[in-house]
């Protein structure tokens, strides 16, 4: 996780910060104790954008330094236009979300919406406290402001592999989830993972003003 990535004072298109690996309460804990979330610094990272769709990702993790060219991933249409400041959109829910009131600090959901499709990554923890990422690769719009899809846990080549082989990426279905939005900034995340069903109230996480708004 990149925490508190700050804008460069010399290059407005560059952001850098420390990288952390976290442990915390199991995703299905009856009571979430944020104090049990432990963040261990493992390196640093920087994003530098050459335009709105391309850039580079430079990082050092556990002493290993690498640089990756990156591009915006387009999986649906239309791709939203995002601006700094403004009122949250009630038609596009692209943002970082967490438990309403911030009462379960330590986990969250990155939602990217393009047209009627949502791609979501949920960062949480397994029964041993180890961090795990669960992905909704194609959340499709249902009745009203709801999106549903299958949930997957993935594994693949190590981050520092000299050659990344996409054929080694394996996605294992672990359940399903539904996002239902009650207004522009609030909703619920209902899911079943490994046979365990829960529902969380969620809200957009504003970590520094002005927040970006996508439409």
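Numbering (the numbering used here), first residue to last: 5 to 219.
A virtual CB, placed ideally from N, CA and C, is assigned to each residue, including glycine.
Rounded to the nearest whole angstrom, the CA to CA distance from residue 75 to residue 11 is 19 Å.
Residue pairing by DSSP places residue 195 opposite 181, 202 in a beta bridge. Assignment of residue 118 by DSSP, reduced to helix, strand and coil, places it in the strand class. Note on geometry: alpha-carbon atoms of residue 68 and residue 183 lie some 37 Å from one another.
In the three-state DSSP reduction, residue 142 falls in the strand class (E or B).
Per the coordinates, the alpha-carbon of residue 39 lies some 15 Å from the alpha-carbon of residue 25. Restricted to the region 38–122, the beta strand (DSSP E) segments that are unbroken, complete and at least 3 residues in length are 42–53, 58–65, 68–75, 86–88, 99–103, 112–118, listed in chain order. Following the DSSP letters along the chain, one finds residue 151 inside the beta strand (DSSP E) bounded by residues 150–159. DSSP places residue 216 inside the beta strand (DSSP E), whose first and last residues are 216–218. As the crow flies, the alpha-carbon of residue 32 is around 8 Å from that of residue 202. In the DSSP assignment, residue 126 forms a beta bridge with 113, 138. Under the three-state reduction of DSSP, residue 190 is assigned to strand.
The beta carbons of residue 117 and residue 142 sit no closer together than 7 Å. Pairing residue 205 with residue 192 gives a Cβ-Cβ distance under 7 Å.
Between the region 120–127 and the region 144–155 there are three or more inter-stretch CB-CB distances shorter than 8 Å, so the stretches are counted as touching.
Here the C-alpha atom of residue 172 lies approximately 38 Å from the C-alpha atom of residue 189. The alpha carbon of residue 63 has as its nearest neighbour, out of 179, 86, 132, 72, the alpha carbon of 72. CA-to-CA, the gap between residue 54 and residue 100 works out to about 23 Å.
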